[in-house]
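For reference, the structure discussed in these notes is given below.
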Amino acid sequence: MLALLSLPALAVMAALLFVPVAWLVALSFIDEHGSVTIANYSRLLADGSLFKSMTLTVQLALVVTLICAVVGYTLAYAITLMPRWLQTISLALVALPFWTSALVRTYAWLVLLQRKGVINKILVGSDLVSEPLHLVHNLVGTMIGMVHIMLPFMVFPLYAAMQRIDADLMRASLGLGASVFYTFRRVYLSQSLPSLAAGIILVFVLSLGFYITPAILGGGRVMVIAMIIERDVNLHLNWGPASAIAVLFLLSVLGLFAIVGRFLSVERIFQGRA
Amino acid sequence: MQQLISLRSRIALYAVAFLILLFLVLPVLVVMPMAFSSSRYLDFPPPDWSLRWFERFFTKPDWYESMLVSLKLALATVLISTPIGIAAAYAVHNGEHRLFRWIRNALLLPLVVPHVILAIGIFYIYVRIGWLGDFASLVLAHTMLAVPFVVTTGLSGLRSFDMNQEMVARSLGCSRPGAFLRVTLPQIKGSVLSGMLFAFVTSLDEVVLGLFIAVGYNTTVTKVMFGSLRDEIDPTVAAVSSLLVIGSLMIAVFTMMIGRGTKAGS
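These protein sequences, in sequence, are chains P and L.
The first sequence maps to residues 1426 to 1699 in the working numbering.
The second sequence maps to residues 740 to 1005 in the working numbering.
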């Protein structure tokens, strides 16, 4: 009886998620004449530019994740030390970009990072650099835009976890003669580690799928997997190869989540946003 | 922890935190002045002020019509995803069979599948069945994206609710739907509302699916914005962006207020 209540929602998933993905899987095994083949997959391995794009996507996601982890941990920790009212304001400031459309923020970065933009004006004006830096339409701009989008996903769960850490435990550790660094590592870090790990996985996996930010802030120079798929379908109507890439891409993403899912539920990973 | 850290290192940490927060907020702050710029380029600060980009937005059909499509779409998405999402959350919360865990995972899938993959898959299906460009087809696609958010917020509301209350109502002769509507729903309405807001924002901000399936009369505003950002930058984007920022600011404040009342928000 109860299961019936979930039927409408499941029907939507079936029609708009399972069926389309199943079609893509089928398409990935069919060549242009309609016969069954694995050529689409073997071509993936042979295609050098595709391999380059895959490594670029993974490297980009790794760097973004690393920056988010370090910056997010620092910020979340600093917020827990603040007085109550300042905590509320800081969390609101983290939530503000979170609620703002990614497209709007990408536009803003375009304004800020361009050659004659605010950032370059400040840098040149304060004599930190002698001429404007290339901050946009390249990898750097893409990274800045992606970190900006992913950072709140890191900060919220970390802050929630850090708030629950009992300060007495650390006082006890210090009182028993442990060094500050040792105490941080063994008491504080170890207790915030599950949330940090969840944040890292979430940011990494979501970063793999980015399309808008690299497309606009990368200025056509940052060809990530999502862009290859889009281009194959929209420009070349290459359904076979595009589906094969999509299937591999999807398998790796779901695989990552399945591994993490053993330790944490997907729902908990997304707690920050819900 | 506060007393464990010297004042000097705490001040240093606050300074770093301030810079990070500045990094997070700066882009949102930049958008507004850009919208009132008189320049046709990305000059910041603007050389002079004008309302020309707002005027352009409200007079060029590509822009305001696509905004109308987006708003209608977001509204329709909320109307459909909320009841089916809450119903599913209710089932998942109360079901004890292992099956319900699978159902929950299936309903959360759109959160983890890259949107490009969903986009090309749905595009292919819609072309095959000749549904591409239809408004209802967009609503259905956005509903799929919004359901996970409604389910998650619904579940978090139900978890903080004591199901025995519904049992009591039923034992006193209330039907199950009646008990849900009169006893449970009023007490989880905060979560339902924040789920609705998530659904609205998810639909309004969606770009990648729209690039493929929002065609013809049903082009969404984010698709127009994306095109204008990628090809040649039309400052009307700033005007639209600032409207969206104001909208999302209101939504964010609203959710935080609900969140404080029910502890169900983020």
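Glycine included, C-beta positions come from ideal geometry on N, C-alpha and C.
One or two residues paired with residue i in a DSSP bridge
{"i": "P/I1455", "result": "P/V1461"}
{"i": "L/T788", "result": "According to the sequence shown, residue 788 of chain L is Trp rather than Thr. Per DSSP, L/S776."}
Reduced DSSP secondary structure (H/G/I, E/B, other) of residue i
{"i": "L/S776", "result": "strand"}
{"i": "P/R1698", "result": "Here the model assigns P/R1698 a pLDDT of 42, short of 50, so the residue's position is not dependable and the matter cannot be decided."}
{"i": "L/Y829", "result": "helix"}
{"i": "P/E1556", "result": "coil"}
{"i": "P/M1426", "result": "coil"}
{"i": "P/T1482", "result": "helix"}
{"i": "P/C1493", "result": "helix"}
{"i": "P/R1656", "result": "helix"}
{"i": "L/N903", "result": "helix"}
{"i": "L/K799", "result": "coil"}
{"i": "L/I972", "result": "coil"}
{"i": "P/G1602", "result": "coil"}
{"i": "P/W1534", "result": "helix"}
{"i": "P/G1643", "result": "coil"}
{"i": "P/S1615", "result": "helix"}
{"i": "P/H1562", "result": "coil"}
{"i": "P/N1545", "result": "helix"}
{"i": "L/E945", "result": "coil"}
{"i": "L/A756", "result": "helix"}
{"i": "P/Q1539", "result": "coil"}
{"i": "L/K1002", "result": "Model confidence at L/K1002 stands at a pLDDT of 41, short of 50, so the residue's coordinates are unreliable; what they give is reported in the following sentence. In this structure, L/K1002 counts as coil in the three-state DSSP scheme."}
{"i": "L/A953", "result": "coil"}
{"i": "P/N1589", "result": "A small fix is needed here, since residue 1589 of chain P is Arg in this sequence, not Asn. Coil, per DSSP."}
{"i": "P/Y1636", "result": "coil"}
{"i": "L/G860", "result": "helix"}
{"i": "L/G851", "result": "With the sequence shown as reference, residue 851 of chain L is identified as Val, and Gly is not the correct amino acid for it. Coil, per DSSP."}
{"i": "P/N1663", "result": "coil"}
{"i": "L/E835", "result": "coil"}
{"i": "L/R994", "result": "In the sequence on display, residue 994 of chain L carries Thr and not Arg. It is helical."}
{"i": "L/M740", "result": "With a pLDDT of only 48 at L/M740, under 50, the local geometry of the prediction cannot be trusted, and no value is derived from it."}
{"i": "L/A923", "result": "Strictly speaking, residue 923 of chain L in this sequence is Thr, with Ala absent from that position. If DSSP states are grouped into helix, strand and coil, L/T923 belongs with the helices."}
{"i": "P/P1508", "result": "coil"}
Contact belief for residue i with residue j at Cβ below 8 Å, rounded distance in angstroms
{"i": "L/H881", "j": "L/E945", "result": "6 Å"}
{"i": "P/L1700", "j": "L/Y829", "result": "The first residue shown for chain P is 1426 and the last is 1699, placing residue 1700 of chain P beyond what the model contains."}
{"i": "L/V984", "j": "L/M771", "result": "7 Å"}
{"i": "P/V1649", "j": "P/L1481", "result": "6 Å"}
{"i": "L/F888", "j": "L/A938", "result": "6 Å"}
{"i": "P/V1489", "j": "P/M1579", "result": "So it is not a contact: roughly 10 Å between Cβ atoms."}
{"i": "L/S987", "j": "P/S1526", "result": "7 Å"}
{"i": "L/L936", "j": "L/T994", "result": "5 Å"}
{"i": "P/V1543", "j": "P/L1535", "result": "With a Cβ gap of about 11 Å, P/V1543 and P/L1535 do not count as contacting."}
{"i": "L/V769", "j": "P/A1533", "result": "5 Å"}
{"i": "P/T1499", "j": "L/I759", "result": "7 Å"}
{"i": "P/Y1613", "j": "P/I1590", "result": "6 Å"}
Beta carbon of residue i nearer than 9 Å to that of residue j
{"i": "L/V808", "j": "L/F874", "result": "yes"}
{"i": "P/L1642", "j": "P/V1561", "result": "yes"}
{"i": "L/V831", "j": "L/L894", "result": "yes"}
{"i": "P/S1515", "j": "L/A756", "result": "yes"}
{"i": "L/M1013", "j": "P/L1631", "result": "An answer regarding residue 1013 of chain L cannot be provided, because it is not within the stretch 740 to 1005 covered by chain L."}
{"i": "L/S776", "j": "L/P786", "result": "yes"}
{"i": "P/G1497", "j": "P/G1634", "result": "no"}
{"i": "L/I823", "j": "P/A1622", "result": "no"}
{"i": "L/A860", "j": "P/V1446", "result": "It is worth fixing the name first, because residue 860 of chain L is Gly in this sequence and not Ala. Contact: yes."}
{"i": "P/L1548", "j": "P/L1564", "result": "no"}
{"i": "L/F796", "j": "L/L982", "result": "yes"}
{"i": "L/L781", "j": "P/Q1539", "result": "yes"}
{"i": "L/A813", "j": "L/L943", "result": "yes"}
{"i": "L/T975", "j": "L/W841", "result": "no"}
{"i": "P/A1640", "j": "L/F965", "result": "yes"}
{"i": "P/A1464", "j": "P/G1665", "result": "yes"}
{"i": "L/I927", "j": "L/F900", "result": "yes"}
{"i": "P/A1501", "j": "P/M1587", "result": "yes"}
{"i": "L/T961", "j": "P/L1662", "result": "no"}
Within chain C, the residues that residue i reaches when beta carbons sit closer than 8 Å
{"i": "P/F1606", "result": "Of the protein chains in the structure, P and L, none is chain C."}
Can you find at least 3 beta carbon pairs, one from the region 1506-1525 of chain P and one from the region 1595-1607 of chain P, that sit closer than 8 Å? no
_Quick check: the region 1475-1482 of chain P against the region 1639-1658 of chain P, are at least 3 beta-carbon pairs closer than 8 Å?_
yes
Note to self: Any contact between the region 848-865 of chain L and the region 920-935 of chain L? By contact I mean 3 or more CB pairs, one from each, below 8 Å.
What the structure shows: no
How do the region 1444-1456 of chain P and the region 1672-1684 of chain P stand: do at least 3 beta-carbon pairs fall below 8 Å, yes or no? Flag = yes, the region 1444-1456 of chain P and the region 1672-1684 of chain P touch.
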